[in-house]
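Step one of this worksheet: look at the structure below.
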Amino acid sequence: MFHIEIEPVWRFHKEGSPQTAVVMLGVLNEIRTSGKLTSAAKHAGLSYRHVWNLVEQWSEFFGVPLVETHRGKGTTLTAFGEKLVWAGQRMQARLGPQLENLAQELVTEIKPFLHHRPSVIRVHASHGFAVSKLRELLDREPGIGVDLRYVSNQNSLVSLAQGACDLSGVHVPRGELRAQSVKACREWLDPREDRVISFVTREMGLMVKPGNPLNIVSLKDLVDTKARFVNRDHDSGTRTLFDQLLAQHRIDEAKINGAQQMEFTHAAVAAYVASGMADAAFGVEAAAKQFGLDFVRLLTEDYFFVCRRAFLETEPMQRVLDVMKGEAFHDAVTQLPGYVAASPGAVSTVKEFLDIVDATSRPVKIKP
1 MFHIEIEPVW
11 RFHKEGSPQT
21 AVVMLGVLNE
31 IRTSGKLTSA
41 AKHAGLSYRH
51 VWNLVEQWSE
61 FFGVPLVETH
71 RGKGTTLTAF
81 GEKLVWAGQR
91 MQARLGPQLE
101 NLAQELVTEI
111 KPFLHHRPSV
121 IRVHASHGFA
131 VSKLRELLDR
141 EPGIGVDLRY
151 VSNQNSLVSL
161 AQGACDLSGV
171 HVPRGELRAQ
181 SVKACREWLD
191 PREDRVISFV
201 TREMGLMVKP
211 GNPLNIVSLK
221 DLVDTKARFV
231 NRDHDSGTRT
241 LFDQLLAQHR
251 IDEAKINGAQ
261 QMEFTHAAVA
271 AYVASGMADA
281 AFGVEAAAKQ
291 FGLDFVRLLT
301 EDYFFVCRRA
311 FLETEPMQRV
321 LDVMKGEAFH
331 DAVTQLPGYV
341 AASPGAVSTV
351 KEFLDIVDAT
361 SRPVKIKP
């Protein structure tokens, strides 16, 4: 099985001039991270002299320097260089899942023309760090292909009910909001034919700037501090959860500064805060830590998969369960801040799952 990667090109044009500049933001990011041009060159597979020439060309094109060298202290980005890097990271966080979906669609179109056709498992799931780790491990499995499409939390179950996927990823919170979230899923669950597969738990909360300068420790503080907020899109399960939390604590969204500003992934809202364009966002802890942000935990979510009973018995799906239960996946999840491998691969009926839901829906204190 092969894979396609779609990567954007940052090509800058000057008005009224044929001159252009293709800036390799990965090179600048490596300089920012390591402080060394040699490291950036090695990371890009280029010579030191070539990278230095590129940086000089980019600086000449823009008319301002992108890097500064300090004798004995390495190389740092200028404020302008930093701005370019953050723009690239926001773009990647925002468009990454969509580009992955497009790449997967192309693979699906090409596949019938290939002689080697592995067993393909169609997965529709809300975007998440643990899902990406699972996909990486499954990609190493010979004879199994994964057609992973990132869709909203609710739409993944709709896809399964309509036969558009084999495995549906869903996440629901623990505590008082759990029953409310499961109620939205219940109409798409078939107690006779569906089976629920345990996967991971993840911590949800507020992402804030390093050091938490506004001292935000609750949802109410978003209003009281007039913090600039960046929200998730309306179709995401995380946005639904945030709206439920606001309603639970009787907080008017209209009083949150920037609540209508939206991004489409956990990483995107984290990058937005990290770049200084907002003071806070709501999402998973792993995204906050990826961008060096502080995190205020508010609640825990369970992420699980649902599939048809008949598909569960197939050889490809059994191999997926083996990967979920394996040491490699457990170790990968351990490296994700706020994630815990919660008996991954364990299978239950819908009734057993709903019984567990009832048992875990007891009130949990959440900071308003």
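The UniProt record's numbering puts the sequence shown at residues 1 to 368. Cβ coordinates follow ideal geometry from the N, Cα and C atoms, glycine included.
Item	Value
Would you say P97 and S198 are within 8 Å of each other, going by their C-beta atoms?	no
DSSP has H70 in a bridge; who is on the other side?	G74
Distance, Cα to Cα, A310 vs V196?	13 Å
Pull up the distance between the alpha-carbon of D190 and that of Q92, whole angstroms please.	37 Å
Please report how far the alpha carbon of A40 lies from the alpha carbon of G26, in whole angstroms.	8 Å
Which two residues bound the contiguous beta strand (DSSP E) that contains H171?	167-173
Of the choices F129, L167, S159, A227, whose alpha-carbon is the least far from that of Q335?	F129
Between which two residues does the beta strand (DSSP E) containing R308 stretch?	294-308
Can you pull the DSSP bridge partners for R11?	V22
Spell out whether any CB of chain C is found under 8 Å from the CB atom of D322.	Absent from the structure: chain C. Only one protein chain is present.
If we call anything under 8 Å between Cβ atoms a contact, is D294 one with N215?	no
From the DSSP output, which residues share a beta bridge with A281?	M207, V230
Excluding the 5 residues flanking R32 on each side, which residues of the same chain have their C-beta closer than 8 Å to its C-beta?	T76, L77, G81, E82, V85
Can you tell me whether DSSP reads V217 as helix, strand or coil?	coil
Given a cut-off of 8 Å on the beta-carbon distance, is the pair I121 and D147 in contact?	yes
Check whether the Cβ atoms of F304 and V170 lie closer than 8 Å to each other.	yes
Please name the residue in A87, H3, G16 whose C-alpha comes closest to that of V9.	A87
If I'm right that Y272 touches R90 with Cβ under 8 Å, what's the distance once you round it to whole angstroms?	6 Å
For a test of the three-state rule: what should DSSP assign to G145, helix, strand or coil?	strand
Residue 370 to H43, Cα distance in whole Å?	The shown model of the chain, from 1 to 368, leaves out residue 370, and the question about it has no answer.
Around the Cβ of V320, are there at least 16 other Cβ atoms within 10 angstroms (buried) or fewer (exposed)?	buried
Do V200 and V340 have their C-beta atoms closer together than 8 Å?	yes
With DSSP collapsed to three states, give me the class of E263.	strand
Note down, in chain order, each residue of its chain lying with its Cβ closer than 8 Å to the Cβ of F329, except the 5 sequence neighbours on either side.	K133, L134, L137, V323, A341, P344
Have a look at L222 and Q104 and give me their C-alpha separation to the nearest angstrom.	39 Å
Please determine, among G16, L241, V172, E203, the residue with the shortest C-alpha to C-alpha distance to L354.	V172
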